[in-house]
Amino acid sequence: MAEPARHDGAAIEVRGLTKSYGDVQAVRGIDLVVERGQIFALLGPNGAGKTTTVEILEGYRSRDGGTVTVLGYDPGRQRNRLKPQIGIVLQSTGVDRYLTVWETVTMYAGFYPHPRPVDEVIDLVGLTAKRDTRVLKLSGGQQRRLDVAVALAGNPDLLFLDEPTTGFDPSARHEAWEVIKNLAALGKTVLLTTHYMDEAQYLADQVAVITSGRIVAEGPPATIGNREQARAQIRYRLDAGTTPPADLTAPPGPDGLIELRPDDLTAALHRLTGWALEQHVELSGLEVSRPSLEDVYLELTDSPAAPAGAATAAPATAALGGGKGRRRS
Amino acid sequence: MNATALTLSQVRYTNKEFWRNPASAFFIFAFPLMFLVIFTALLGNGTVHLSPTQEVKTSTYYVAAMASFGVISACYTNIAISVSFQRDTGVLKRINGTPLPSSAFLGARMVQALLVAILLVVITAGFGRAAYSASIPTGLTLLRFLVMLLVGAASFCALGFAITAVIPNTDAAPAIVNASILPLLFLSGVFIPLGSNAPAWIVWIAKIFPVWHFAQGMQAGFLGIPFHWTDVLVVAAWGLAGLLLSVRFFSWEPRT
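Protein chains in written order, with my numbering: chain A, 354 to 682; chain L, 37 to 292.
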């Protein structure tokens, strides 16, 4: 019963999508629904099939199997009717270098039946000060913002952003994020691909993790991969010569930290600290944490043989510390 | 906007890009004039035997030859190199994702190249007239000359689009384009007059490819030699072949 309403409302609907290049199966049966007004992130490592999927939706590539509907059209057969309604930011910047920012946006706006006012678009991406500068003289971050401006010129309902911030320095990335957030405020639907966790977490309403051509998890960034229900972990370091109760210890990892994922966190923590107080043992580096989006992602995208051990999880968690503090606290 | 208006508006942008890229504009535009000056300075006082009974001043010969060279540069060389650059930098892919019809984009490139070609011919002829008293086509000769010019320019544009299919990347573009056109320019009497004693194999090769036929048609306008419609037909046939190859093999996506 919910199905037909969803069909009417969804910006993108994909069922059983497959695509091979020769012997390589790039996409192995993907199902996706992107609701109108959503920022949807397709998150995955390089070579997972993100770009192939997006380029099929954009109409650049044909599909081998499955059904695809974008704004009600089949991009394989009705590409010319779809084109006026979508905006595309490709992985590589592709605008002519000798035109100015204003000329470039004006030129692209001229291709569309109902373009957005050029100065408004330039303002939206924060390039007003560079309006009459030639593309050649823009920085990498500014060129990327021009890419977004060009994609917006035709006032599309749906925007595809393929790895919009790859290769950016941190400040350029944050600038780009603000631009993308602004798009959502305009009511645009955005399909974003990225291999940055923090990007998906910051921008997306809905995340799908794709690896080896399949979607392995999907959901809002806060709960994807059952993150909110996942067992928390206790980590601590022991002085030599002390032995805690057998069920509260494990062989230490390369960093000397012992990791536990107890069934009952509160009880385990109580017993562990109780034992330490009683024995006058110092539990240095003691911490309790829930898996971050990055942990979930690594677990999902790692080869099945390698469990998320201390060696993988520790640096990942450390790397996330600064950027995501506000989310975890 | 309809297709014609879109194409014309696209011509303006293509033209801006052309003139703002100093390297490309300089080479396409300055080479024919530079060669005209150099060749005539070196050889200008001699004569060229067009046939056992007809000869012209070398300077006059080069006005016609460099006008042909200018058209080939503006159409074939310019389009092949700049379109493969646009392809590899993703411009073509991006354009291909917008509602702009392919024909409007490619048509605009052709029209812009044609305008540059006409400008080059006018300047070359004007310069030749002023400096070397070269004769300028008039009347019926001018009409036939214009037919050859338009058919030739369009055909070399089409061949320029076609050759991009064998250009693997931007770095290779100038080398491949020059390798395909320079030998023909020499073999077809554009840089060095073939004269009446040219080896048979050179004449034979020249007659297969479009450059010689095009140069013959252009020379007919300036040098008073007979105009052959077969030259126009051969050039047009090559242009058509280029168009068909482009339709089949032209790529909008970077070759990686």
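Using N, Cα and C, we set each Cβ at its ideal position, and we do this for glycine too. Source: prediction; values computed, not measured.
So what's T665(A) in DSSP terms, helix, strand or just coil?
Low per-residue confidence applies at T665(A): pLDDT is 36, beneath 50, and the placement is therefore not dependable enough to give any value.
Assuming Y461(A) contacts V503(A) under a Cβ cut-off of 8 Å, what Cβ separation, rounded to an integer in Å, is found between them?
5 Å
Which partner residues of S87(L) appear in the DSSP bridge assignment?
Q90(L)
Would S87(L) and S232(L) be called neighbours here (beta carbons separated by less than 8 Å)?
yes
Per-residue DSSP class, three states only, for E411(A)
helix
For G133(L) and chain A, any beta-carbon pair shorter than 8 Å?
yes
Does DSSP put L491(A) in a helix, a strand or coil?
coil
Hey, is I365(A)'s beta-carbon within less than 8 Å of any beta-carbon in chain L?
no
Would you say T200(L) faces chain A, with C-beta separation under 8 Å as the test?
no
Grab the span of the alpha helix (DSSP H) containing F393(A) for me, first residue to last.
Run containing F393(A): none in the alpha helix (DSSP H); it sits in the beta strand (DSSP E), 392-396.
Interface flag, V119(L) vs chain A, CB-CB below 8 Å:
no
Suppose contacts are defined by Cβ-Cβ distances below 8 Å. Is P398(A) in contact with H633(A) by that definition?
no
Note down, in chain order, every chain L residue with its Cβ under 8 Å from the Cβ of P437(A).
P135
Counting along the chain, where does the alpha helix (DSSP H) carrying E640(A) start and finish?
First-last for E640(A): 637-642, but that is the beta strand (DSSP E), not the alpha helix (DSSP H).
Rounded straight-line distance, which links the Cα of D558(A) to that of E388(A):
10 Å
Of the residues I159(L), F121(L), P262(L), the one placed nearest M70(L), counting alpha carbons only:
I159(L)
CB of G143(L) within 8 Å of CB of T50(L), strictly:
no
Any beta-carbon of chain A closer than 8 Å to the one on N57(L)?
yes
Span of the alpha helix (DSSP H), counted from its first residue to its last, around I154(L)
138-168
Starting from the Cα of I74(L), find the closest Cα among F121(L), I238(L), G164(L), W248(L) and give me that residue.
G164(L)
The beta strand (DSSP E) that contains T420(A), what's its start and end?
418-423
Quick one: Cα of T83(L) to Cα of K93(L), how far?
4 Å
Taking DSSP as the reference, what is the three-state secondary structure of K52(L)?
helix
Just the C-alpha distance for V454(A) and D485(A), rounded to the nearest angstrom, thanks.
6 Å
Neighbour flag for E411(A) against chain L, beta carbons, 8 Å
yes
Give me, in chain order, the residues of the same chain whose beta-carbon lies closer than 7 Å to that of R368(A); leave out the 5 immediate sequence neighbours on both sides.
D384, G419, T420
Using a C-beta cutoff of 8 Å, does S191(L) count as contacting chain A?
no
Boundaries (first-last residue) of the beta strand (DSSP E) holding F513(A)
511-515
Helix, strand or coil: how does DSSP classify D384(A) here?
strand
Just list the alpha helix (DSSP H) runs in the region 597-655 of chain A, keeping only unbroken ones of 4 residues or longer that don't cross its boundaries, in chain order.
618-632, 646-654
Check for me: the beta strand (DSSP E) holding S373(A) runs from which residue to which?
363-374
If you pair each beta-carbon of the region 94-105 of chain L with each one of the region 190-202 of chain L, do three or more pairs fall below 8 Å?
no
Cut-off 7 Å between Cβ atoms - residues of its own chain near L653(A), not counting five sequence neighbours on either side:
V562, T564, V569, A570, G578
For D384(A), return the contacting residues in chain L, with the cut-off set at a CB-CB distance below 7 Å.
Here the premise fails: no neighbours, minimum Cβ distance about 24 Å.
Anticipated Cβ contact below 8 Å, A242(L) with A101(L), distance rounded
Contact flag wrong, Cβ pair sits at about 13 Å.
Which residue or residues does DSSP assign as beta-bridge partners of R588(A)?
E612(A), E640(A)
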